[in-house]
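For the sequence shown, UniProt numbering begins at 1 and goes up steadily by one.
Glycine is no exception: its CB is placed at the ideal position from the N, C-alpha and C atoms.
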Amino acid sequence: MDAADSLDERNRFRHAFWHTTIQTVGNDSRDTGRAVHANHCTVFIGSVLSRAVRQALARAPGFNVAGVFVRARDGAVFLSGTVHSADQIRQAEQIARTVPGVLVVSNKLTLWHGGNG
1 MDAADSLDER NRFRHAFWHT TIQTVGNDSR DTGRAVHANH CTVFIGSVLS RAVRQALARA
61 PGFNVAGVFV RARDGAVFLS GTVHSADQIR QAEQIARTVP GVLVVSNKLT LWHGGNG
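So this is what it looks like as structure tokens:
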């Protein structure tokens with residue numbers, strides 16, 4: 001797949017994302033107006049995508065999202081902070097990838113060792 005094919009795939013995904021999720025976003029008054037139309041696709045502002053990923057993490061059974069920071073830009077999600085197990089590092093990335101609008105995940109989560117040292 002070359003760069004042009006990859007861009008076309010992203011645009012198709014964003015178009016599908018628009019049609020499946022804009023009602024949910026539009027019903028939340030805090031998110032009104034956060035969708036930006038460009039070249040027949042919709043890109044959501046990073047704060048909307050960050051919030052969606054954080055909410056997905058918070059809904060995962062047994063996952064403590066308290067030490068996790070989520071940033072997003074143009075479909076790229078950046079996870080940082082600490083979690084209590086290596087399994088949660090992998091779980092966070094897997095969950096983030098399932099959120100509509102996420103194109104790539106950079107996982108910089110580390111293990112929390114406790115204490116001050």
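Item to complete: With DSSP as the reference, label Gly81 as helix, strand or coil.
Response: For the purposes of this step, residue 81 is taken as residue 81 along the sequence shown, with counting starting at 1. Note: Gly81 maps to strand in three-state DSSP.
Fill in: Limits of the unbroken alpha helix (DSSP H) element including Val48
Against the sequence shown, residue 48 aligns to sequence position 48. Residues 46 to 59.
Practice prompt. Report yes if the C-beta distance between Val102 and Glu93 is below 7 Å; otherwise report no.
Written response: Here residue 102 refers to the residue found at position 102 of the sequence shown. Here residue 93 refers to the residue found at position 93 of the sequence shown. No, they are not a contact pair.
Fill in: Enclosing alpha helix (DSSP H) for Ala96 [first to last residue]
Indexing the sequence shown from 1 puts residue 96 at position 96. 86 to 98 is the span of the alpha helix (DSSP H), which, as asked, contains Ala96.
Worksheet item: In whole angstroms, what is the alpha-carbon distance linking Gly114 and Gln55?
Response: What you label residue 114 is simply residue 114 of the sequence shown in a count that begins at 1. What you label residue 55 is simply residue 55 of the sequence shown in a count that begins at 1. Distance between the alpha carbons of Gly114 and Gln55 is about 25 Å.
Worksheet item: In whole angstroms, what is the alpha-carbon distance linking residue 162 and Ala60?
Response: The structure shown does not extend to residue 162, since the chain is modelled only from 1 through 117, so no value can be given for it.
Worksheet entry | Check whether residue 180 and Val53 have beta carbons under 7 Å apart | With the chain covering 1 to 117 only, the question about residue 180 has no answer from this structure.
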